[in-house]
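The listed protein sequences derive, respectively, from chains A and B. Residues in the first sequence are numbered consecutively from 1, following the working numbering. Residues in the second sequence are numbered consecutively from 1001, following the working numbering.
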Amino acid sequence: MNDDPIAAALRRDAELLLDLAPAPDAAALWHKVRRARSKRIQRVMDICGWSLRATVAIAFGGVALSAPEALPALIVPLALVGWLSTGICTPLLHSERSANVSLRAGSAS
Amino acid sequence: MSDPAFLRFANFYSDHSSGLWRYLVRIGADRTLAEDLGQEAFLRWSLSQAASWEDEKARAYLFTIGTRLLTDWWRHQRCHADWEATYEPPPATEIADSPLFRSQAWANLTRRHQQLLWLAYVEEFSHAEIASICGVSMASVRVLLSRARALLAKYLKTDNEETAHE
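Structure, rendered in structure tokens:
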């Protein structure tokens, strides 16, 4: 293949073009990769969180229709589940926010 | 950073980023666009299952992503993504010393021909890999590649004859 003029011409052009190619910066792109991965995981967790909340709300509605007298006793567990699902299902969002806060605090000081 | 995932990414990126950039430039992207699309291709590659594949297979997949991103970009620009049309490269990517640009040999080829020649002779992909990157059958790759080769040989020969006459 070394004597092939077509391959030689193409490879010569590729060599010349290599000088114009931008220098790779893996670290900068890696940050974008990590951010994109976090976003993707966050989307899945959000879906889980909202599914959990919707399930609890439907169950709450069912109880409210069948046994309205038990309703006041269920408000506290419902609020607790809503609050816990926020924390459990959005860890990345919270860690990102706290990281942003600490960054801002760092830059302010 | 000694994270193994980062090391794998960094090695793969430094090995193939300029190869992908050159390929995108030679099939129709200008330099800045090729850089942007190249980064996006690596981003998508790292989020896909291909990030855990062996190097050769992963490289073919990366070039497939790059090709599709460029096709999408053309569509977004409301350009018809016509692989069969001849393509005049942007002046910034022409190299005067290159044998491909002495007599417009490269510009006389269709984008599909350019793509096949580059993938086969510069990147040295197999016919099966080229077929998956270009989205054509393996039998078509063989036929199109031999046609592209014959055309480029003709243009380069014409160029050599003209140079000899001068």
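A virtual CB, placed ideally from N, CA and C, is assigned to each residue, including glycine. In this text, all values refer to a predicted model and were calculated from it rather than measured experimentally.
{"query": "Given this structure, state the Cα-to-Cα distance separating B:W1231 from B:R1112, to the nearest angstrom.", "result": "Past the boundaries of the shown model lies residue 1231 of chain B; chain B is included only from 1001 to 1166, so the question cannot be answered."}
{"query": "Tell me, please, which residues DSSP counts as bridged to B:T1110.", "result": "B:T1086"}
{"query": "Would you call the stretch 1055-1062 of chain B in contact with the stretch 38-56 of chain A, where contact means no fewer than 3 C-beta pairs closer than 8 Å?", "result": "no"}
{"query": "Which residue's Cα is closest to the Cα of B:T1067: B:A1029, B:T1093, B:E1056 and B:Q1077?", "result": "B:A1029"}
{"query": "Quick one: any contact between the stretch 1011-1031 of chain B and the stretch 1114-1127 of chain B, if contact means 3 or more CB pairs under 8 Å?", "result": "yes"}
{"query": "If distances are taken between C-alpha atoms only, which option among B:L1047, B:Q1114 and B:W1118 comes closest to B:A1085?", "result": "B:Q1114"}
{"query": "How big is the Cα-Cα spacing for B:T1064 and B:I1130?", "result": "9 Å"}
{"query": "So what's B:V1136 in DSSP terms, helix, strand or just coil?", "result": "coil"}
{"query": "To the nearest angstrom, how far is it from the Cα of A:L17 to the Cα of A:I41?", "result": "39 Å"}
{"query": "Using a Cβ-Cβ distance under 9 Å, would B:R1031 count as near chain A?", "result": "yes"}
{"query": "Mind checking if B:Y1061 is an interface residue toward chain A, Cβ cutoff 9 Å exclusive?", "result": "no"}
{"query": "What whole-angstrom Cβ distance do B:E1035 and A:P22 have, given they're in contact under 8 Å?", "result": "5 Å"}
{"query": "So, does the CB of A:R11 fall closer than 9 Å to a CB anywhere in chain B?", "result": "yes"}
{"query": "Can you list the alpha helix (DSSP H) stretches of 4 or more residues lying completely in the stretch 11-97 of chain A, in chain order?", "result": "26-66 and 71-89"}
{"query": "Looking at chain B, which residues of the stretch 29-49 of chain A have a Cβ within less than 8 Å of any of its Cβ atoms?", "result": "L29, W30, K32, V33, A36, R37 and R40"}
{"query": "Helix, strand or coil for B:P1099 per DSSP?", "result": "coil"}
{"query": "If you measure between the beta carbons of B:L1152 and A:A9, is that distance less than 9 Å?", "result": "yes"}
{"query": "So, is B:R985 buried or exposed, given that buried needs 16 or more other C-beta atoms within 10 angstroms?", "result": "Any answer about residue 985 of chain B is impossible in this case: the structure gives chain B only from 1001 up to 1166."}
{"query": "Give every residue of the same chain whose Cβ lies closer than 7 Å to the Cβ of B:S1132, excluding the five residues on either side of it in the sequence, and list them in chain order.", "result": "A1060 and T1064"}
{"query": "So for B:A1029, helix, strand or coil by DSSP?", "result": "coil"}
{"query": "Looking at B:L1100 and B:R1149, is the spacing between their C-beta atoms short of 9 Å?", "result": "no"}
{"query": "Against B:P1004, what residues of chain A qualify as contacts under a CB-to-CB distance less than 8 Å, listed in chain order?", "result": "Those do not exist, as B:P1004 stays about 13 Å from chain A at its closest Cβ, beyond 8 Å."}
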